[in-house]
Amino acid sequence: MPNVFLIGRPGCGKSVVYRILEEELRARGYKGELKRADDFPFLKRIFDTDVEYKRHRPAPGGGVKITDDTVWDDLARALNEQALKLQDPNHLLFIEFSRDNYVRAFKHFSPKILQNSVVVYIDVPFDLCWERNARRVREEKGLDAHLVSREEMEKTYARDDHEELPKHVDVPVLVVKNDSDDFGKLRGELQKVVQKLEIAGK
-17 MPNVFLIGRP GCGKSVVYRI LEEELRARGY KGELKRADDF PFLKRIFDTD VEYKRHRPAP
43 GGGVKITDDT VWDDLARALN EQALKLQDPN HLLFIEFSRD NYVRAFKHFS PKILQNSVVV
103 YIDVPFDLCW ERNARRVREE KGLDAHLVSR EEMEKTYARD DHEELPKHVD VPVLVVKNDS
163 DDFGKLRGEL QKVVQKLEIA GK
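The numbering used here applies: residue -17 is where the sequence shown begins, and numbers increase by one.
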């Protein structure tokens, strides 16, 4: 199972989930390389080159607001291309992104990727995601320390279509709850993912 999609609202805890899964897999003897692909570097590149603000604009309170919806398609295509380059039967690739329309996003991924994947949706209430999103700017470093504006959170991430994914994408979809700061509880939730990866790897 070379590909694990980690999806959910910004602030849902994708980085924490990745770290716990890495620990659990290593503890069970997985020796392959673990890699991560995230669409934020592609989004930042769009922001940096869009100097005339044709596709985004600054948002009140910090962060930005995307004004051109085709940005989401461009990001999915770029992430697909990166994931294709990173395919390796001896590696486990974590592909991370957030959307309101996951069905649309997954249409941009190659069958080569999807046929060997599992999707993990991290289920967290909107208000808690916003709180964590604001907190991570102060506490995290690197790419994980970016702020998604309140305006973007409300417009794009208040609701999503993850429940429709199993009807449209022939990939196992596992839902894990991360609605508290209890990492022990989250670790318990993630056992279903670890078991799925172990079964797929046999």
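Ideal placement from N, C-alpha and C gives every residue a C-beta, glycine not left out.
Of V106, D109, F88, the smallest CA-CA separation from P148 is found for F88.
Scanning its chain for C-beta atoms nearer than 6 Å, with the 5 sequence neighbours on each side dropped, one finds around R114 the residues G(-7), in chain order. Membership of K159 in any alpha helix (DSSP H) is not indicated; the residue belongs instead to the beta strand (DSSP E) covering 155 to 159. As computed with DSSP, R18 is found in a beta bridge with F76.
N(-15) is positioned such that its CB atom lies closer than 7 Å to that of S99. D82 and D164 do not touch by the CB rule: their CB atoms are close to 28 Å apart, not below 8 Å. Just measuring C-alpha positions, the residue of I48, Y12, G(-10), K178 sitting nearest K26 is I48. If you check the CB distance, E145 and V158 do not come in under 7 Å. The beta carbons of L110 and D55 sit about 29 Å from each other, so the pair does not count as a contact at 8 Å. Counting C-beta atoms within 10 angstroms of its own C-beta, Y84 has 16 or more neighbours from the protein chains shown and is therefore classed as buried. The Cβ atoms of D50 and R59 lie no closer than 7 Å to each other. Per the C-alpha coordinates, the member of A19, E133, F79 positioned closest to R39 is E133. Closest in C-alpha terms to G45, from the list F108, Y0, E6, A116, comes A116.
In this structure, V175 keeps its C-beta atom at 7 Å or more from the C-beta atom of V101. Collapsing the DSSP output to three states places Y103 in a strand.
For P40, the enclosing beta strand (DSSP E) begins and ends at 38 to 40.
Residue pairing by DSSP puts N(-15) in a beta bridge opposite L75, S99.
Here the alpha carbon of H73 sits roughly 22 Å from the alpha carbon of F24.
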